[in-house]
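Participant: According to this note's numbering, the sequence shown holds residues 5 to 170 in order. The beta-carbon is built from N, C-alpha and C at its ideal position, and this holds for glycine as well.
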Amino acid sequence: MSELGSTGDDRNNQPADADLAAQWVAENCPIIDGIVFGDGRIKQLFAVRNKQVNEGPGMKIQPGGWMTLADLQKKGQLDWTGILDLCVAEDLARGIRILGGEGGYGADGFVANIRSDSGEIVWIAFFTSSNPFEEVQIHSDHVLARTNLDMWWRFPLDAPEEVTLQ
Numbered sequence: 005m006s007e008l009g010s011t012g013d014d015r016n017n018q019p020a021d022a023d024l025a026a027q028w029v030a031e032n033c034p035i036i037d038g039i040v041f042g043d044g045r046i047k048q049l050f051a052v053r054n055k056q057v058n059e060g061p062g063m064k065i066q067p068g069g070w071m072t073l074a075d076l077q078k079k080g081q082l083d084w085t086g087i088l089d090l091c092v093a094e095d096l097a098r099g100i101r102i103l104g105g106e107g108g109y110g111a112d113g114f115v116a117n118i119r120s121d122s123g124e125i126v127w128i129a130f131f132t133s134s135n136p137f138e139e140v141q142i143h144s145d146h147v148l149a150r151t152n153l154d155m156w157w158r159f160p161l162d163a164p165e166e167v168t169l170q
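1. Comparing alpha-carbon positions, which option in T168, T132 and F114 lies nearest D90?
2. Can you give the Cα-Cα distance for Q48 and I39, rounded to whole angstroms?
3. Does the separation of the CB atoms of F182 and W127 fall below 8 Å?
4. Between which two residues does the beta strand (DSSP E) holding Q48 run?
5. Would you mind reading off the limits of the alpha helix (DSSP H) that contains V29?
6. Answer yes or no: do G105 and F137 have a C-beta to C-beta separation smaller than 8 Å?
7. Spatial neighbours of L88 within its chain, please: C-beta separation below 6 Å, excluding the five flanking residues on both sides.
8. Taking DSSP's pairing of strands, which residues face L88 in a bridge?
9. Going along the chain, which residues of its own chain have a beta-carbon closer than 7 Å to the beta-carbon of R119, five neighbours each way excluded?
10. Quick check: the Cα distance between W156 and L96, rounded to an integer number of angstroms?
11. For D21 and A74, I'd like the C-alpha separation in whole angstroms.
12. Is the beta carbon of I35 less than 8 Å from the beta carbon of D83?
13. Is it right to say Q170 is buried, meaning 16 or more other beta carbons lie within 10 angstroms of its own, or is it exposed?
14. Please work out which residues of its chain come closer than 7 Å, Cβ to Cβ, to M63, disregarding the five sequence neighbours upstream and downstream, and give them in chain order.
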């Protein structure tokens, strides 16, 4: 584990992770269940099937720990997958573009917050069991993203690790 605090909240003024940026340009994403920030920090989040069939959206999010891409690279546990954009929404006033799509395996899905002017990654949410995201909407303080299973995910723009399923 890196030297981040329990919340990993040292996101201000952190340099971009060059490997992540290069892989993103090549249309690749790290296979990480959770949120990857542009500076390489990761908050693990696991989307698991909700066994209580009549409760909620059929899945729930279980939080994991904080780490970095460098931590995973050192352990030989960093893998990448090709991605395909399936939807986009843009907010010109805020200078952000939200992308949604799929990864290299059938159940992979991602939502990414990208700066419109520079293409810089703000954060990427990637899940190996979400299924592809086919619609994204930008609201006042959050993004709504719909999977091909009609499950809606709500990502707060400034704290995507607080994602909820609707």
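Facilitator: The answer reads as follows:
1. Within the sequence shown, residue 90 is the residue found at index 86, counting from 1. Note on residue identity: the sequence assigns Leu, not Asp, to residue 90. Comparing Cα-Cα distances from L90 to each of T168, T132 and F114, the minimum goes to F114.
2. As a position in the sequence shown, residue 48 is number 44, starting the count at 1. As a position in the sequence shown, residue 39 is number 35, starting the count at 1. Using only the alpha carbons, I get a separation of about 7 Å.
3. Lying outside 5 to 170, the shown extent of the chain, residue 182 is not represented and no answer is given.
4. The residue given as residue 48 occupies position 44 in the sequence shown. Taken as a continuous stretch (DSSP letters only), the beta strand (DSSP E) holding Q48 covers R45 to R53.
5. Translated into positions along the sequence shown, residue 29 becomes position 25. Its alpha helix (DSSP H) spans residues A22 to V29.
6. For the purposes of this step, residue 105 is identified with residue 101 of the sequence shown, where counting begins at 1. For the purposes of this step, residue 137 is identified with residue 133 of the sequence shown, where counting begins at 1. In this structure, G105 sits near F137, with a CB-CB distance shorter than 8 Å.
7. Mapped onto the sequence shown, residue 88 falls at position 84. Result list for L88: G105 and E106, in chain order.
8. Within the sequence shown, the letter at position 84 stands for residue 88. According to DSSP, residue pairing for L88 in a beta bridge involves E106.
9. Translated into the one-based positions of the sequence shown, residue 119 becomes position 115. Excluding residues within five positions, the ones whose Cβ falls inside 7 Å are G99, I100 and V126.
10. Position 152 of the sequence shown holds residue 156. Position 92 of the sequence shown holds residue 96. Distance between the alpha carbons of W156 and L96: 24 Å.
11. As a position in the sequence shown, residue 21 is number 17, starting the count at 1. As a position in the sequence shown, residue 74 is number 70, starting the count at 1. Straight-line measurement puts the Cα of A74 at about 9 Å from the Cα of D21.
12. As a working note, residue 35 is residue 31 in the sequence shown. As a working note, residue 83 is residue 79 in the sequence shown. Note that the C-beta distance between I35 and D83 is below 8 Å.
13. For this step, residue 170 is matched to residue 166 along the sequence shown. Classification for Q170: exposed.
14. Within the sequence shown, residue 63 is the residue found at index 59, counting from 1. Excluding its 5 nearest sequence neighbours in each direction, M63 has C-beta neighbours in its own chain below 7 Å: A51, V52, R53, N54, M155 and L169, listed in chain order.
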